[in-house]
Amino acid sequence: MHQHSSRDGSAHPARSGFRRLARYGALGISATVALALTACGPAIGSGEAPAESTKLQAPTDPSGEITIWDRSGDLFEVFDGVIEKFNEKYPDIVVNHEAVDIGAKLQNTLITATDVPDGVFLDDQLVPGYADSLWDLSDVLDPYLADIAQQKVDVNSINGGIFGVPWDLDPGLLFYNEAALTSAGIDATAIESYDDLLQAARDYKAFRPDAGPIHLEQSAFLGQLQLEMYASQLGTSITDENGELRIDSPEYEQILTFLDTVQKEGLGTRAEYLGPTDIATLDSGQQVFVPWAQWFSFGPQQLLPETLGDWRAMPLPAWEDGGARSGAMGGSSFIIPKDAAEPGLAWLFYEFLVFDPEGYAAVYGPNSIYPNGLNTSIPSYAPAADADKPLFGEVEAFGDQDFWKTAVEAGEQIPGGVPTPTWWGGAVDYLGNNIQKMLDGTMTPQEVISVSTEDIQTNLVDRQ
Amino acid sequence: MTAPSALGFRAVRRAPQQGPRWSLLRRRSAPYLFIAPFILIFALFSIYPLTFALRLSFTDWRGTGAATWVGLDNYAYLLGNPAFWASLANSGILWLLIIPAQVVIGLVAAVLLNNAKLRMRGFYRTAFIVPFVTPLVAIAQIWVVVFDQNYGPVNDILGAVGLPDIGWLTTSEWSKPTIALLFLWKTTGFAIIILLSGLQSIDTSVYEAAALDGASRARQLWSITVPLIRRTLMFLVVLQTLAVFQMFAEPYVVTQGGPYNSTTTAGLYLYNHITRADLGTGAANSFLLVIAVMVLSLVFVRLLRPKD
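Listed in order, the protein sequences are those of chains A and B.
All the letters of the first sequence, read from the start, carry residue numbers 2 to 465 under my numbering.
All the letters of the second sequence, read from the start, carry residue numbers 381 to 688 under my numbering.
If you want it as structure tokens, here you go:
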């Protein structure tokens, strides 16, 4: 009877007590384990984190093993090919080169300090967000600083330290379809200002009414990135060096008014960068001007068979007489985490890649991935970016134009910059979207400036 | 025979008492010992992340350095932020576009596939499940091309019958239906499999009896099939509700949440906080989302639970 009732679940006082105790015990153990593990998380304090600046020094014994993270794809293959050259110079350093989804893995790795790589390839705009976890490279970079493009040094500089080894420079260029423009009697090389560009677009539109000569970016993210290229050309950016917003300025108004004019006069093709509409209109001669970073060169080389050889590149038009003819759009650097096991050896690897003639020639020169060399960016280190000593060869898609010289000379004109705020990507919800609304015709340039400024200040800047 | 020592005597005296008690203890503790590994793993991979995230949600931690305790600030910010509500609304609209259609299409397809007379059943079952196992990135790329406003085949077909081009992925009005269509296409095969398993648990004699009583196919579907698979339907709806509110990859790959955040789902909005290193707000967002999904799930469980 007793046994039966027990199976039915009716409580025997002693057993019931035991079970309750055991349950509470199990819960207690779980909670204790969980809470103990939770203590491994960040310390919660006043928020005044010690801003200790640890400056990396070059190693005295170049031997050991390093793990280097790069994002998968062509660049990974290019860097992979350089390791052999590196080992000719440093035979006692073993490089474990890993293709990693850096955006997904880096943050967690730095937080947990587990399996931290010795060096990581990272977009310039992301470097400031990780600065607390990185080595300050000021001392090791010091011998090279004078020869590195100022914009690259600036975007990697936070609170007096330099937290990335500046790698590539991505100058903005004006890509144009020379064959199409010539058939309309337009000499693109005569374009020196954005007013000239507008006039050339009007002339082409008159010649070919179905054209939308100038590219207008439809992706909110890339549209904002392109806006920052124009701003960089004018020596400004979304924030100043103190992190204060400066969208509400004559420079941004000038840029937005230009874009608005292109749209209102029907002089633009609004399409997502190298999406189906973009490719079709570029290859049909409807879209003939693309103000974009050097990496647009991929398009004419790989995606535009009908107009292969018709494209050329030139420096961007100037916003004012004597103004800079280029601005930066994108770019990457190499970072070395503080928790890296062999940070000094990682520095030697990057020093070879960026500053050693054999290293940068192996990266940008002809290789198994790019038989004619890597031509989607140029080095940010001046001795490597010598206009008269091309690292990559002439580009068939650009009619064998000296694309190296064009890109290097444009790169030399990029004004200095400031670090990108960590919330830059978040601003796309406001500034990036508002640019699109302006191109839709539902906002004016002034409204884009005022609404974006207020929203970014409230939702991003004030919440830092 | 020697006299027992004091110790031995006690041992001999205690043995009959301690034996059963020890055995009882072992017997009672056995289940807990068996589940102990699970409890440990559960604590490590479920309770720990949960408590960690809960703790984060009250801080302004950005992934590095010390975190500052901000109390309920992150929750207050989200609850007062139109973008948070818009992301929930986007997910809600997607739910309306997806779930009813998926249940109807899935049920009809499952009933057809359950018919023993249907030829090539294996082929159809495989065909329905293929989109579910195809990598989303590949499908998304096809979606981008097929639904391109100017050069996509969908608009070409519309144009051929005199209809205007539609900005499937470039206008706020059409972006949600386009994403919903992608989700439907990808996951309806899964819904069919779930419903099919429910259908196969129904005794065929029930249908035979109904047929003898003169019940039509439609009547059988409505009066026998649907009531008898209510539990399966409930499971499917709750599961897919979770999937829709956590939907991330589809808008991330196809529209990046645009245009104008019209496809920024609750899952994508949460992800955006994380990628911007606003981990505290992201954690708070995740708990608000859990509450919302839990409430919705309970509603569906209540509505769809079998009446008997």
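Backbone N, C-alpha and C fix where the C-beta goes; we use that ideal spot for every residue, glycine too.
B/R435 has its alpha-carbon roughly 44 Å from the corresponding atom of A/W293. At a cut-off of 8 Å between beta-carbon atoms, B/D545 makes no contact with chain A. At least one beta carbon of chain B lies nearer than 8 Å to the beta carbon of A/W424. Judged by DSSP in its simplified three-state form, A/T55 adopts coil rather than helix or strand.
Note that the C-beta distance between A/A347 and A/V117 is not below 8 Å. Of all residues in the segment 520-534 of chain B, only V524, V525, D528, Q529, N530, Y531, G532 come within less than 9 Å of chain A when Cβ atoms are compared, listed by chain position. At least one C-beta of chain B is nearer than 8 Å to the C-beta of A/T278.
In the same chain as B/G569, and ignoring 5 residues on each side of it, the C-beta atoms closer than 6 Å to its own belong to F508, I509, P511, F512, in chain order. Per DSSP, reduced to three states, the secondary structure at A/Y177 is strand. Contacts with chain B at 8 Å (Cβ-Cβ) do not include A/Q200.
The continuous beta strand (DSSP E) containing A/W293 extends over residues 290-294.
Looking at the backbone, the Cα of B/D528 and that of A/E307 are separated by about 21 Å.
Its chain contains D340 as the residues whose beta carbon lies nearer than 6 Å to that of A/A114, once the 5 sequence neighbours on both sides are disregarded; these appear in chain order. Residues of the segment 208-223 of chain A that bring their beta carbon within less than 8 Å of a beta carbon in chain B comprise Q219, S220, A221, F222, in sequence order. Considering only beta carbons, the part of the segment 118-136 of chain A lying closer than 7 Å to chain B consists of G130, Y131, D133, S134, in chain order. Put simply, the backbone Cα of A/Y361 is about 21 Å away from that of A/M330. In the three-state reduction of the DSSP assignment, A/E395 falls in the coil class, being assigned neither a helical nor a strand state. Shown here, A/P214 sits in coil according to DSSP, grouped into three states, outside any helix or strand. A/Y371 sits buried, since 16 or more C-beta atoms from the chains shown fall within 10 Å of its C-beta. By the Cβ rule, the segment 425-434 of chain A counts as touching the segment 206-225 of chain A, because three or more pairs are nearer than 8 Å. In the displayed model, A/T443 falls within coil according to three-state DSSP, outside both helix and strand. In this structure, A/A202 and A/P214 form a Cβ contact; the two beta carbons are roughly 4 Å apart against a cut-off of 8 Å.
Residues of chain A with a Cβ closer than 7 Å to the Cβ of B/P639 are, in chain order, Q437. The bridge partners DSSP lists for A/D137 are A/K56. Counting only residues of its own chain and dropping the five nearest sequence neighbours on each side, B/L659 has a CB closer than 7 Å to the CB of L436, W441, R442, G443.
CA-to-CA, the gap between A/L260 and A/Q447 works out to about 13 Å.
Within the segment 596-626 of chain B, no residue has its Cβ closer than 9 Å to any Cβ of chain A. With a cutoff of 8 Å on beta-carbon distance, A/A191 and A/Y177 are scored as not near each other. Neighbourhood of B/T655 in chain A, by CB distance below 8 Å: G104, G426, in chain order.
Nearest Cα to A/E254 within the set A/N243, A/S285, A/I112, A/I239: A/I239. If you draw a straight line from the Cα of B/A589 to the Cα of B/L413, it is about 50 Å long. By DSSP's assignment, B/R685 forms no beta bridge with any residue. Here A/S194 has P318, A319 as same chain residues with Cβ atoms under 6 Å from its own Cβ, once five neighbours each way along the sequence are excluded. Identification of residues in the segment 136-166 of chain A having a C-beta nearer than 9 Å to some C-beta of chain B yields an empty set.
At the C-beta level, B/N641 and B/A466 come within 8 Å of one another. Three or more pairs of CB atoms, one per stretch, sit closer than 8 Å, so the segment 136-143 of chain A contacts the segment 56-67 of chain A.
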